[in-house]
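Colleague: Taken in order, these protein sequences are the chains called S and D.
Reading the first sequence from the start, the letters are residues 79 to 190 in the working numbering.
Reading the second sequence from the start, the letters are residues 50 to 164 in the working numbering.
Note that beta-carbon positions come from the ideal geometry of N, C-alpha and C, so glycine has one too.
Owing to the predicted nature of the structure, the values given are computational and were not obtained by experimental measurement.
Here it is: the structure, laid out below.
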Amino acid sequence: GDSVTQMEGPVTLSEEAFLTINCTYTATGYPSLFWYVQYPGEGLQLLLKATKADDKGSNKGFEATYRKETTSFHLEKGSVQVSDSAVYFCALSGGGAQKLVFGQGTRLTINP
Amino acid sequence: EAQVTQNPRYLITVTGKKLTVTCSQNMNHEYMSWYRQDPGLGLRQIYYSMNVEVTDKGDVPEGYKVSRKEKRNFPLILESPSPNQTSLYFCASSPDWTGNTGELFFGEGSRLTVL
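And the structure:
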């Protein structure tokens, strides 16, 4: 079945550092890809998405590009802030399944 | 305010004592779903509902029941909880499910501990 693999966490960075969180997927067909963010004590919320190959999703300074050739959707941000500390989930939908398939999540901590 | 509301937020119970986690959304969404979140496993779907009176199993439905008698409510029922159901539970909703939009609106979660 479809699956999503994220880089192991936790990830700890200093403020203004460059962030990359790796995400690769296995899916039949052409899934849509998403990044969700979970702030402490809250539910998940959609951060960005891409629905076809070579699309770039972006929001709040975060970006991710749908790379079909490498089956990847890595999350990047040029300069992180303390407020970006959260758990980040990569997810996909597709294949007719009525659900999102999530990766295991990556906990990010940004130190001032 | 548009939201998905879950109750209780925290619960400690004992094996075998039936419990219900309620979920209500005020956005008139057709699609609703329950996920459980466990360390190292991400979120896994328990049940989902495409509309009133239409429910179906997700990936990990064993030990759970759901109902969808009204559009806004989608309770999760644990008839006889066991320790392996200790988890963080999320209810989510969406206007409908097309897959491409992928935007689920999540509740704040219900942390359940079964002793």
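On the DSSP letters alone, give me the boundaries of the beta strand (DSSP E) that S:Gln182 sits inside.
Modeller: Careful: S:Gln182 lies outside any beta strand (DSSP E) and carries neither H nor E.
Colleague: Check whether the segment 90-99 of chain D and the segment 107-116 of chain D are in contact - that is, three or more C-beta pairs closer than 8 Å.
Modeller: Cβ pair count under 8 Å is three or more, so yes.
Colleague: Any C-beta of chain S within less than 9 Å: which residues of the segment 109-132 of chain D qualify?
Modeller: Against chain S - using a Cβ distance shorter than 9 Å - the segment 109-132 of chain D contributes no residues.
Colleague: What residue from S:Gln182, S:Pro109, S:Lys138, S:Glu94 has the CA that sits closest to S:Arg145's CA?
Modeller: Looking at the Cα atoms, S:Pro109 is the closest of the given residues.
Colleague: Using a beta-carbon distance cut-off of less than 7 Å, what residues from the segment 72-95 of chain D approach chain S?
Modeller: Listed by position along the chain: Ser82, Gly89, Leu90, Gly91, Leu92, Gln94.
Colleague: Under 7 Å between beta-carbons, which chain D residues line up against S:Lys177? List them in chain order, please.
Modeller: Ser82, Gln94, Tyr97, Gly107, listed in chain order.
Colleague: Might you give, ordered along the chain, the residues of its own chain that have their beta carbon closer than 6 Å to the beta carbon of S:Asp162, omitting 5 neighbours on each side?
Modeller: So the qualifying residues of the chain are Ile188.
Colleague: In whole angstroms, what separates the C-alpha of S:Ala169 from that of S:Phe180?
Modeller: S:Ala169 and S:Phe180: Cα-Cα distance of roughly 4 Å.
Colleague: Tell me which residue opens and which closes the beta strand (DSSP E) that S:Glu141 is part of.
Modeller: First-last of the beta strand (DSSP E) with S:Glu141: 140-143.
Colleague: Could you name the residues of chain S that D:Glu152 contacts, counting a contact when the two beta carbons are closer than 7 Å?
Modeller: Those within 7 Å of D:Glu152 in chain S are Leu124.
Colleague: Let me make sure I understand the geometry here. Which of D:Trp146, D:Ser142, D:Pro130 has the alpha-carbon closest to that of D:Leu60?
Modeller: It is D:Pro130.
Colleague: Given this structure, state the Cα-to-Cα distance separating S:Glu147 from S:Tyr103, to the nearest angstrom.
Modeller: Answer to the nearest angstrom: the Cα atoms are 11 Å apart.
Colleague: Take the Cβ of D:Gln86 as the centre, count every other Cβ of all protein chains shown within 10 Å, and call the residue buried at 16 or more, exposed below.
Modeller: Buried: at least 16 other Cβ atoms inside 10 Å.
Colleague: Is there contact here, the segment 63-80 of chain D with the segment 106-126 of chain S, by at least three beta-carbon pairs under 8 Å?
Modeller: No, the segment 63-80 of chain D does not touch the segment 106-126 of chain S.
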